[in-house]
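Taking it in order: structure first as structure tokens, then the write-up.
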Amino acid sequence: MALDFQNTQIAFASKRSNDLRQSALLFRLMASPKLVALSQQLTRFAFWLHLPVNGLIKSTVFKQFCGGESVTSSIPAARVLWQQGIGAILDYSVEGQESETAFEASANTIMETIQLAAVEEGVPLSVFKMTGLASADLLCKISSQEALNAKETQQWQAVKERVNRITQLAEDLDVPLMVDAEESWIQDAIDQLVHEAMKAHNQNKVIIMNTIQCYRMGRVEYLKQALEQATQDGIHYGVKLVRGAYMEKERERAKSMGYPSPIQPDKAGSDKEFNDCTQVMLDAIGTAMEPGKAALVIASHNESSNAMGVQSLEDRGWKPGQAPVWFAQLYGMSDHLSFNLAAAHHPVVKYLPFGPVKKVMPYLFRRAEENTSIKGQTGRELRLIQQELRRRSIDKS
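Letter by letter, the sequence shown follows residues 33 to 429 in the numbering used here.
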């Protein structure tokens, strides 16, 4: 089946017209940086006053980008996706936790998502953020190779134990588990933990997968070194490739602290890094006749990157769904990619964030800011929704 990312009938087959109109209104709001900033201020103020705004949030932005407030309540959204051949990755999107109690609670929730993936056909992968298990300050000190005091040493040991429990469960239940990338100044500590987990659990197949943000410079060389290290260690290597999620934050920190920005100078640089990393990984995955010891998640909202991935797999002799490669997008966005890829029998997954409404607001704020800052993203979503609504109107006439 030939790919047509403009086929909105397939893209929005599971959406009612009223849902599409509500989504269009939301994306119009996100097209305005001023309205996004004002909405954030009003939401924070409403929570501060303990106003009953949960219902409004749940019926609008939460409904668009989240699956539910818990693992269990997210299952219906995952099953709706699976009816269209799209898997779900339950992503516990609670950010900014700092206490050991909160870290333990996050670990338990992450393990719950792995247990669900083991029994729910439409949940093929799991994921977690390391800052759900450890403080950013501690990860920063480890990344900077600073000496830890006695309390921090104890906290770091607790982090390792949480990671070990989670990754061991993933291996025991045979569930591939991704670790999200985060800010550059804490990423070295995350990479260190992920590498140790790969050595422990990727002996026979890919269970643990790292994430590379390709808006950072030098990621192609980093990826090649990681693959070389995996070969030396005799393990399978898995990675999720993304463009990135912290661009403005990275640039502002670099400027304020007086060091060179680690971020690509422009979108073209990020696109090239992403596509080059994709080709490096596809080379590692090999051909249908001579498969390698690697797995890949192409996590992109870019049409050309997804089309390139599909074509590259075909050139290597892989039939749709045969290679250890997934295509991934965020829930509530880029349905024209996800559903048309799935209709062509490619393995597709949607990141399905979940968590208590108030606690996932930082994630939702970031999602709104990204849609505002990424040139053309919101406009594309609006255009496709309006195209589908017009098509439905014509069909009824």
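Each residue gets a CB set at the ideal place from its N, CA and C atoms; glycine is no exception.
Check the Cα spacing between K272 and each of R53, E184 and I121: the tightest is with I121. Taken in chain order, the complete beta strand (DSSP E) segments of 3 or more residues contained in the stretch 282-356 are 326-331. In this structure Y395 does not touch K382 by the C-beta definition: roughly 15 Å separates them, more than the 8 Å allowed. Beta-bridge partners of W217 (DSSP): none assigned. Apart from the 5 residues on each side of it in sequence, H378 sits with its Cβ closer than 7 Å to the Cβ of V342, P352, G353 and F359 in its chain, given in chain order. Taking 8 Å as the cut-off, the Cβ atoms of V252 and D308 count as close. Put simply, of P323, W217 and L165 the residue whose alpha carbon is nearest the alpha carbon of R197 is L165. When secondary structure is reduced to three states using DSSP, G87 falls in the helix class. Taking a C-beta distance under 8 Å as the contact criterion, A258 and Y247 do not qualify as a contact pair. R248 is bridged by DSSP to I295.
Across the set I239, M340, K299 and I244, the C-alpha of I239 shows the shortest separation from the C-alpha of A149. The beta carbon of L67 lies closer than 7 Å to those of L61 in the same chain, with the five residues before and after it left out. DSSP places L74 in the uninterrupted alpha helix (DSSP H) bounded by P65 to W80. Rounded to whole angstroms, the Cβ separation of T40 and L416 is 5 Å, and the two are in contact under 8 Å.
Residue burial annotation: V159 is buried, with at least 16 other C-beta atoms found within 10 angstroms of its C-beta. Restricting attention to G119, F44 and L81, the CA atom closest to the CA of G99 is found in G119. Under the three-state reduction of DSSP, M241 is assigned to strand.
Look at the stretch 117-195 and you find these whole runs of alpha helix (DSSP H), each 4 residues long or longer: 132-151 and 168-175. Straight through space, the alpha carbons of Q116 and F371 are spaced by roughly 7 Å. Fewer than three Cβ pairs drawn from the stretch 201-210 and the stretch 163-179 lie within less than 8 Å of each other, which leaves the two stretches out of contact.
DSSP places P108 in the uninterrupted alpha helix (DSSP H) bounded by V103 to Q115. DSSP places L273 in the strand class (E or B) of the three-state scheme. Following the DSSP letters along the chain, one finds F97 in no beta strand (DSSP E) but inside the alpha helix (DSSP H) bounded by residues V93 to F97. Our two residues, L314 and P356, have alpha carbons roughly 10 Å apart in a direct line. Counting of Cβ neighbours within 10 angstroms places R194 among the buried residues, the total reaching 16 or more. The beta carbon of Q311 sits closer than 8 Å to the beta carbons of S344 from its chain, once the five residues preceding and following it are set aside; these are given in chain order.
With fewer than 16 other Cβ atoms from the protein chains shown falling within 10 Å of its own Cβ, Y291 counts as exposed. Contact between the stretch 133-149 and the stretch 204-224 is present: three or more C-beta pairs spanning the two stretches fall below 8 Å. Residues of the same chain with a CB within less than 7 Å of the CB of Q187, apart from the 5 flanking positions on each side, are L170 in chain order.
If you draw a 10 Å sphere on the C-beta of S216, you find 16 or more other C-beta atoms in it, and that means buried.
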